[in-house]
Each structure stands twice: as structure tokens, then as C-alpha cells.
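Residue numbers (my numbering): 6 to 81.
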């Protein structure tokens, strides 16, 4: 998913924020996202939703809840 992720992020950055990154910076961001995604019990990141939308080939609407709970059901 790296090429798709990079293309999407680059288009968003150039269109909305008018900046570009070097390849090493893209690689660092990607590795950071993969490390975060590998942690059990961590919250869904934008990367999870992006990957799932591409796998399903459908848009995904994310609904935010008022209170965030841990995997044990405790308020955070």
C-alpha cells in the first residue's frame, strides 16, 4: 500500500498545504505508521481506514464517539 498511500498523501499535501517531502521523509513516515499499526490495542489510525477502503474498494465513513474507551471498556 505504500505507493498508493504516498500518492494520496503527496496530492493532499501539495493541493491543500502547498508543500512536498523528500523520499527519505516519506519512508520515515511510512515506517512510523507501520510501527504504530502493529501495536495491539492501539486506536485505529488513518492508515487502517485507508487500507481497508482500498481492500473493500468502498468509501468508509468514520463516526467519532463522544467518549473514548480502552479495550477493557474504561474511559480514557
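Beta carbons: idealized from backbone N, C-alpha and C, even for Gly.
Expressed to the nearest angstrom, what Euclidean distance is found between the alpha-carbon atoms of residue i and residue j?
i, j, result
"residue 6", "residue 76", "27 Å"
"residue 62", "residue 9", "13 Å"
"residue 53", "residue 43", "11 Å"
"residue 79", "residue 20", "40 Å"
"residue 71", "residue 37", "27 Å"
"residue 12", "residue 24", "14 Å"
So residue i and residue j are in contact, right, with Cβ under 8 Å, and what is the actual spacing, rounded?
i, j, result
"residue 58", "residue 65", "5 Å"
Leaving out the 5 sequence neighbours to the left and right, which residues in its chain are closer than 8 Å to residue i when beta-carbon positions are compared?
i, result
"residue 26", "15, 18 and 34"
How would you write the range of the alpha helix (DSSP H) that residue i sits in, first residue to last?
i, result
"residue 30", "28-42"
"residue 77", "Element bounds for residue 77: n/a, residue is neither H nor E."
"residue 55", "51-61"
"residue 19", "Per DSSP, residue 19 belongs to no alpha helix (DSSP H) and is neither H nor E."
Let me check understanding here. Comparing Cα to Cα, which of the options lies closest to residue i?
i, options, result
"residue 68", "51, 60 and 56", "51"
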